[in-house]
Amino acid sequence: IEERLRKIGGPLNEFDNKQSWNDSLADQAEILTSRTVLGEVVDRLGLAIVVEPDYFPLIGKPLARVRGEREVVASPLIGSQRFAWGGESWQIQAMEIPEKFLSKSFELVVGRQGSFKLYDEENGFLAAGTVGEEVLDFLPTSDRSRILITALVANPGTVFKVKKIPRLEAIQRLQRRLVVADGGEDSSTLAISLDGQDPKRIAEILNVVVNLYVANDVERQSREARLTLNFVEQQIPGVRAALEEAEGRLNRLQSQRGSVDITSDTQTVLSKIVRLESRLGELRQSRAELIQRFTPLHPRIQSLDSQIAAQEQQLAAAEGDVKELPTTQREILSATRNVNVAS
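The opening residue of the sequence shown carries number 30 in the numbering used here; numbering runs sequentially from there.
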């Protein structure tokens, strides 16, 4: 991410580096937490499928977290066999249910030798299955339903609460858990953290988030490069015509006036005007490109507008100096200026 941020350039960074850098960080953070990126994370990792082991009340969950660090399924301590005590693992690769069953909880009861049973919210039996084998039409409805459990490690009798939530809700849950911040004062990095209890799952989710961000950023930069190229190609005919017209006017003026040298004062004013107009052109081009991505109220657009106004003010002052020059010098300066700007 640091490398991507360093590639954000253009005139904005030259005249307002700190502010533009902060804006760039904010832009990248917004992309990282966007529905486009996180929606694909949800789809790839099946985050709309929510699985929660049934823990012993009050003490079961913290105990399971501690005992699960040994990476073996912990033996039951107290209570019935239904509770999870740490070390359990699972993977539901697919779960398709009709929309009316979204957010409804199902009970998955672990059996022996990779078997399991599914029950509804009222403890009504739905289906029996085996890890690695798809269970089809397990709901009492004519609509299609299926579930594929590819991993299930737990003591026989352990109960898991399983439900599938709407995709948008899964994205919003992930957005609330994901924290994106700058890496510190004067930093060019973004720090990403995710709230959760399973370190391996957290690392998996963060890796997918970053990889998708990079892929989306490459695609975005390619798209912006195409837009920039199209913009430049559209400007070429007009620039070429302006250059030819300016060169023709300068040649005609020199023919009419004979050999006239530009004085040092005229050259100084000319250099200043050309420099200001060149800079102004860069700023306006940057604004034309950015306005395709942001509204006029975006900080980067407003910063550009402020700099454009400042350049225009300086240019107006320089043009005031032109009026103090002799007529011939003004004419030569104007023609030469048009050639320099057009080229």
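Ideal Cβ positions, reconstructed from N, Cα and C, are used throughout, including at glycine.
Under 8 Å between C-beta atoms of residue i and residue j
| i | j | result |
| --- | --- | --- |
| V66 | N245 | yes |
| T187 | A103 | no |
| Q343 | L312 | no |
| V243 | L61 | no |
| R73 | E125 | no |
| A183 | E81 | no |
| A93 | G68 | no |
| S315 | L333 | yes |
| T179 | Q122 | yes |
| E348 | L309 | no |
| V139 | L197 | no |
| L203 | L76 | yes |
| P185 | Q110 | yes |
| D224 | R206 | yes |
| A199 | A210 | no |
Residue i - DSSP class collapsed to helix/strand/coil
| i | result |
| --- | --- |
| E136 | strand |
| E150 | coil |
| R313 | helix |
| T170 | coil |
| L181 | strand |
| I231 | helix |
| R175 | strand |
| S307 | helix |
| I88 | coil |
| W50 | Only weak support exists for where W50 lies, its pLDDT of 46 falling under 50; the value from the coordinates is given anyway. Looking at W50 - three-state DSSP - the assignment turns out to be helix. |
| Q8 | There is no way to answer for residue 8, as the model of the chain reaches only from 30 to 372. |
| L131 | coil |
| V298 | helix |
| V66 | helix |
Residue i, buried or exposed, once every other Cβ within 10 Å from all chains shown has been counted against 16
| i | result |
| --- | --- |
| F135 | buried |
| Y84 | buried |
| V154 | Going by the sequence as given, residue 154 is Phe instead of Val. So F154 counts as exposed. |
| V101 | exposed |
| F260 | exposed |
| E321 | It is worth fixing the name first, because residue 321 is Gln in this sequence and not Glu. Flag for Q321 reads exposed. |
| R255 | exposed |
| R329 | buried |
Residues that DSSP places opposite residue i in a beta bridge
| i | result |
| --- | --- |
| G158 | F145 |
| D211 | L219 |
| E81 | K190 |
| V164 | I176 |
Neighbour flag for residue i against chain B, beta carbons, 8 Å
| i | result |
| --- | --- |
| D166 | Note that chain B does not occur in the displayed structure, where there is just one protein chain. |
- Message: Using 8 Å as the cut-off, can you tell me whether the stretch 188–199 makes contact with the stretch 129–136, which would need three or more C-beta pairs spanning the two stretches below that distance?
- Response: The stretch 188–199 vs the stretch 129–136: in contact.
- Are there three or more Cβ pairs, one per stretch, closer than 8 Å when the stretch 257–268 is compared with the stretch 85–92? Of all C-beta pairs linking the stretch 257–268 to the stretch 85–92, fewer than three are shorter than 8 Å, placing the two stretches out of contact.
- Contact between the stretch 157–175 and the stretch 140–147 (3+ Cβ pairs under 8 Å): Because the criterion of three Cβ pairs below 8 Å is met, the stretch 157–175 and the stretch 140–147 touch.
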